[in-house]
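Top line first, the protein sequences correspond to chains X and R. Here the working numbering is used: the first residue of the first sequence is 1, the next is one more, and so on. Here the working numbering is used: the first residue of the second sequence is 225, the next is one more, and so on. A virtual CB, placed ideally from N, CA and C, is assigned to each residue, including glycine. Only a predicted model underlies this, so the values are computations on that prediction, with no experimental measurement involved. The structure appears right after this line, and notes come after that.
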Amino acid sequence: MKFKTLTLAALIALSVNAEAAQIQSASATFTGTLTDFNTFDGYVLPQNNVTSLDLGNGISMTSSEFSTVGQNAFGLDQNGLWTTEGNSNRDGNFVSTDFTGIGRITFNFNAAMQNVGIFANQSQIFGVNNSLQLFAFDINGNVLESFTSSIDTDVDGYDEGKFVGFARSTADIYGFALENVSSNNGSFVADNLLVSSVPEPESYAMLLVGLGAIGAVARRRRAK
Amino acid sequence: MKGIKHPNNDVSLNDSGNTSIVEVLNNVNLNRRQFLMTSISSSALVAAGGLTLSGFAHAVTSPTVGGALAGASVPSTTVGAPTVPITFTPIGPNLAASGVDLVTVPTGYTANLFVAWGDPIVRGGVAFSGNATETAAQQRLAYGEHTDGMHFFPFAERNGEFSSERGLLVSNSEYTHEAILHPDGQDNFTIAKARKSQAAHGVNIMEARRVRGNWGVQRNSLYGRRIDANTRMRISGPAAGHALMKTLDYTITDSATTPTGGMTDGTYSYGTVNNCAHGYTPWGTYLTCEENFNGYFGSTSVVNTTATFSENSKLYRRYNINAAGFGYKWHEVDPRWDVNVNSNGPNTFGWVVEIDPFNTKSVPVKRTALGRFKHESVQYVVDAANDLGMYSGDDERNDYIYKFVANAKYNPNNRAANRDILDNGTLYVARFDAGLTGVWLPLTPGSIGIGGVALRDNPNFAGANDAEVLAKILIKTRMAADAVGATMMDRPEWIGARPRVNGFLDIELYCTMTNNSRRGTGTPSVNAADGSTAAASANPPVDAANPRANNVHGGVIRWREDGRSVRATTFTWDIFVQCGDTRTTKTANATNNFRGDIVDSPDGSADYGAPDGLWFDDFGRMWVQTDSGSGTGDFVNLGMDQMVCVDPSTKETKRFLTACKEAEVTGVTMSPDGKTMWVGIQHPGDAGTAASPQATSSWPHSQWNLESDGVTPLNPGRPRSGVVVITKNDGGIIGT
């Protein structure tokens, strides 16, 4: 029964993926190319003449107000604290925003991505329900889709958050952005940007396993 | 520092004062902070020092020029006046004759105990027992003894601001009171006792958090960390790897220090000791200063300190390393501290150590480019050109004031670029000339010393090349300063940098001269240019910068860098204040009436002496802490040690805090909003013995039953050094 539940869950995840879906998960839902920001250390973006920061792997980053790339500690009020210590979702340095109003960080990709996601959290002050808006852009900068996510983690916790992003049916994402919805106290943090341009081999394998499992269940039911 | 190892400031050759922290003049980067301009004008931000990386540019949240202040009157517009007025009601002295075993603050303020020796600050720590039966392993998880310099590193948070309710409080634990540290004192001294003593030294990193109005240490914080006398460190800069830095290598365990049979390569060492005051950097790291490191070394055999015997014997003489040390006995059970076994051991101490408190896995780094001496504190200044200076005094009678200037500029937009800029630069030593001018004398291979000989040609620093010469100059910094003719000072203690507020734009530094009983007394003599004078053994005559014979009460000297640049090689100076006792009955000599010239109203209401800690808050107010002893003798009218608040523009002085019995006040820092202040109280009940540890004080238990969180019980049984947290009852800014 347990096996059946797991495989059905995998199948559901894939079916959602096939319809192009938002990702809101406790941890990463796919594998791909990782940007962990640990090679940066307190880099202020934008600065001087640098408005687009090369992150490597054909990925660049912009920030509408000041952000710190390679931040090493950040308080999130009621959502706890981010540190370099981290956990299985992220560790080391990360990105934090210094936004005083509504602001956005955007990751631009040289090649089309099918899956994009990042581990994030945001400042939450007591009595206010802040949220983030996430965007996926096409090659022309048009919004492919977007959704809003509110993250609520333990006030006493460290390095907690949520993996948020998009899984598309085809590789058509050229930009991925996070924006604080509220104009005040909306600073957020993000780490471990993950992108993949094609369905992962694991996904195909999972799909085959899932289909096989459903077949087995159907055979057992018929046998009864 | 004083206390049991330093019966008074004048008894031993190696005594010294101590204290803690310093404030900063931050560089300004308007580009970085342009978003702040909606609420703070650019000029105000520049004046306040601007915002730096990583969280300690308190200035951003400072109520600045012309701003409305809660509970305060309109700020002065006088150039250089503090942006927050000093309006608290001053308190009287805590006289020994009628003294109380309490830390006292003005009416309208509340002081609570934030942390004390033995309190658990690292995950897994246990509550202080009260009878000192804790093991070395337990001490390694607990707050060290004899707290000193400290700094609050607030966490960055929303809106580009810094938290005034959560951050890292990093502090020094300078030394130990062995009679109180162990249940039976130093009797039957063992490696276990040495290990506990070593674990009670060093640096404390704590997460401080205000919950429902109450400050407390986050006991289970992942940041909780101790760095002690056995922690492995990296050595960097020009002296790293030099032959004099290579020591015997050891395997250090709880039960033994065992030779590996090899030597270190001079790029790493173990431990930091006698961490007196401190500093911090604009990129968010802590600097701990190794002061009286000499006292931990000793030998079971005679130590040769002959000036002509060997390089090390000459160094031992100039830095006062001898067989007895300060009586810690470590060398009896731990060969690493026996200089006749591990002769280069002392050369790995006397440095400024950089620690990244935000990275729990970071390895402390000894930055040799800043020189080797008894660093009291280190104060950074970033000038308008983004040049970085580090100012530090050598706390020994007749020793010197130094400045390190980094080759590279400080980069406020990329912390990575700053990580190692303390490794390359020029070290200078100060010469204070009559006529209120001064010269920064570089300590480089080409520097010409007395007699017209370049340091590279001076046998003290001879080397295969200039790189080796520089390494030797830095390892033997005092001797290099002797050679170039630096001014012998009256025990330089903390250095503070005056914030550039209210239109004040100068680079102005203040340094406490705590005292000098050898000034103008005895047969006149000076530190020999060949570096052969034993530490603190000269009797210099009075001079322009040190004008008082038998300077028992000390004072504060200040200087301004020419051209408002930390790269200046010349400066102007004056004596800001001479401390003293307006009611003294001491017989005046030709240069010293012992009354001083403190500006207070009514006259004598803020008398203080033996100034040690000196720190500017971001509002431009100077706080001075004293290390005078138990309020007797020349200090009988001044009372127990204290902290005063000073307006640098008017010199007006008010007493803000008095200590409990036999305690020194050392270490001070604030939250960014100025509404929380932490102050260190060191060695209460200094006369306590193993048989009667609470003979003269039982502080902090004499004052509180609970810690500042209002929950954690406070065990009695020992007087304990600790940190108090001070808030204003109306929620206002401290000092108003």
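CB-CB under 6 Å to residue i, same chain, minus the five flanking residues each way: which ones, in chain order?
i: PHE728 of chain R; result: VAL303, GLY304
i: GLY709 of chain R; result: ILE674
i: SER395 of chain R; result: THR371, MET374, ASN428
i: TYR615 of chain R; result: GLN603, LYS627, ILE719, LEU733
i: ARG621 of chain R; result: ARG715, ASN740, ARG742, ALA760
i: ASN383 of chain R; result: none
i: THR856 of chain R; result: ALA320
Among the residues of its own chain, which have a CB less than 7 Å from the CB of residue i, if the five just before and after it don't count?
i: ARG788 of chain R; result: ASP607, ALA608, LEU729, ASP730, ILE731
i: ASN763 of chain R; result: ARG742, THR745, GLY746, THR747, PRO748, SER749
i: SER60 of chain X; result: SER52, LEU53, ASP54, ASN108
i: PRO924 of chain R; result: LEU337, ALA340, LEU938, ARG944, GLY946
i: THR806 of chain R; result: ARG819, ASP827, GLY828, ASP831
i: ASN185 of chain X; result: SER123, ILE125, VAL128, ASN130
What's the gap between the Cα of residue i and the Cα of residue j?
i: ALA919 of chain R; j: ALA911 of chain R; result: 7 Å
i: ILE958 of chain R; j: TYR734 of chain R; result: 22 Å
i: ARG90 of chain X; j: PHE40 of chain X; result: 15 Å
i: GLY833 of chain R; j: VAL776 of chain R; result: 8 Å
i: THR51 of chain X; j: THR62 of chain X; result: 6 Å
i: ASN583 of chain R; j: GLY373 of chain R; result: 20 Å
i: ASP478 of chain R; j: ALA360 of chain R; result: 8 Å
i: ASP786 of chain R; j: LYS627 of chain R; result: 14 Å
i: ILE545 of chain R; j: ILE459 of chain R; result: 22 Å
i: PRO940 of chain R; j: ASN929 of chain R; result: 9 Å
i: GLY58 of chain X; j: ILE118 of chain X; result: 17 Å
i: THR572 of chain R; j: MET469 of chain R; result: 6 Å
i: SER169 of chain X; j: ASN142 of chain X; result: 17 Å
i: GLY485 of chain R; j: TYR474 of chain R; result: 8 Å
i: PRO765 of chain R; j: ARG772 of chain R; result: 9 Å
i: ILE950 of chain R; j: LEU326 of chain R; result: 14 Å
i: ASP690 of chain R; j: LYS696 of chain R; result: 10 Å
i: HIS406 of chain R; j: ILE905 of chain R; result: 20 Å
i: VAL801 of chain R; j: GLY80 of chain X; result: 47 Å
i: ALA453 of chain R; j: LYS952 of chain R; result: 37 Å
i: PRO506 of chain R; j: ASP754 of chain R; result: 37 Å
i: ASN180 of chain X; j: LEU132 of chain X; result: 5 Å
i: GLU717 of chain R; j: THR793 of chain R; result: 22 Å
i: ASN642 of chain R; j: SER567 of chain R; result: 34 Å
List the whole-angstrom C-beta distance separating residue i from residue j, where the pair is believed to meet the contact cut-off of C-beta under 8 Å.
i: GLY837 of chain R; j: GLY891 of chain R; result: 7 Å
i: THR371 of chain R; j: SER397 of chain R; result: 6 Å
i: LEU53 of chain X; j: THR35 of chain X; result: The Cβ separation is near 11 Å, so there is no contact.
i: MET864 of chain R; j: ALA320 of chain R; result: 7 Å
i: ASN564 of chain R; j: SER523 of chain R; result: 4 Å
i: ARG450 of chain R; j: VAL346 of chain R; result: 6 Å
i: THR701 of chain R; j: GLY551 of chain R; result: THR701 of chain R to GLY551 of chain R, Cβ: 26 Å. No contact.
i: GLN71 of chain X; j: ASN93 of chain X; result: 6 Å
i: ALA654 of chain R; j: THR738 of chain R; result: So it is not a contact: roughly 17 Å between Cβ atoms.
i: PHE74 of chain X; j: VAL189 of chain X; result: 5 Å
Within its chain, find whatever has a CB closer than 8 Å to the CB of residue i; leave out the 5 residues flanking it on each side and keep chain order.
i: PHE166 of chain X; result: ALA20, ALA21, GLN22, ILE23, ASN115, VAL116, GLY117, LEU134, ALA136, LEU144, GLU145, ILE173, PHE176
i: VAL198 of chain X; result: GLN114, ALA171
i: ALA28 of chain X; result: ASN89, GLY117, PHE119, PHE163, ASN192, LEU194
i: ILE699 of chain R; result: ALA463, HIS466, LEU468, MET469, LEU539, ASN571, THR592, ARG596
i: ASP98 of chain X; result: GLU65, PHE66, SER67, THR68, SER187
Along the region 59-71 of chain X, what residues have a CB closer than 8 Å to any CB found in chain R?
So the list reads GLU65, PHE66, THR68, GLY70, GLN71, given in the order they occur along the chain.
If you scan the region 353-394 of chain R from start to end, which runs of the alpha helix (DSSP H) of 4 or more residues do you find wholly inside it?
List check, alpha helix (DSSP H) in window: 360-363.
Which residues, taken in chain order from the region 76-97 of chain X, show a beta carbon closer than 8 Å to some beta carbon of chain R?
Here the close residues are LEU76, ASP77, LEU81, THR83, THR84, GLU85, SER96.
When Cβ atoms are compared, which residues of the region 381-403 of chain R fall closer than 7 Å to chain X?
Answer set for the region 381-403 of chain R: GLU381, ARG382, ASN383, GLY384, SER387, ARG390.
Starting from the N-terminal side, write out each stretch of the beta strand (DSSP E) that is 3 residues or longer and does not extend beyond the region 454-524 of chain R.
Every beta strand (DSSP E) stretch that sits fully inside the region 454-524 of chain R and reaches 3 residues is listed by chain position as 456-460, 472-476, 481-487, 492-494, 499-504, 510-514.
Please identify, using Cβ separations under 8 Å, the residues of the region 42-57 of chain X that lie next to chain R, in order along the chain.
Listed by position, the residues of the region 42-57 of chain X near chain R (Cβ gap below 8 Å) are GLY42, TYR43, VAL44, GLN47, ASN48.
Residues in the region 491-523 of chain R with C-beta within 8 Å of chain X's C-beta atoms, listed in sequence order?
Of all residues in the region 491-523 of chain R, the ones placed with a Cβ closer than 8 Å to any Cβ belonging to chain X are TRP507, GLY508, in chain order.
Counting only runs that start and end within the region 40-68 of chain X, where is the alpha helix (DSSP H) found for 4 or more residues in a row?
The region 40-68 of chain X contains no complete alpha helix (DSSP H) run of 4 or more residues.
Quick one: complete beta strand (DSSP E) runs, 3+ long, within the region 798-872 of chain R?
The region 798-872 of chain R contains these whole beta strand (DSSP E) runs: 835-840, 846-850, 866-870.
For the region 356-385 of chain R, enumerate the residues whose C-beta is nearer than 9 Å to any C-beta of chain X, in chain order.
Cβ contacts with chain X: PHE377, PRO378, PHE379, ALA380, GLU381, ARG382, ASN383, GLY384, GLU385.
Which runs of the beta strand (DSSP E) at least 3 residues long sit entirely within the region 643-715 of chain R? Give them in chain order.
649-657, 661-666, all fully within the region 643-715 of chain R.
Runs of beta strand (DSSP E) lying entirely within the region 544-603 of chain R, each at least 3 residues, in chain order
The region 544-603 of chain R contains these whole beta strand (DSSP E) runs: 576-579, 589-591.
Residues, ordered as in the chain, of the region 127-140 of chain X that lie near chain R by beta-carbon distance below 8 Å:
From the region 127-140 of chain X, no residue has a Cβ closer than 8 Å to chain R.
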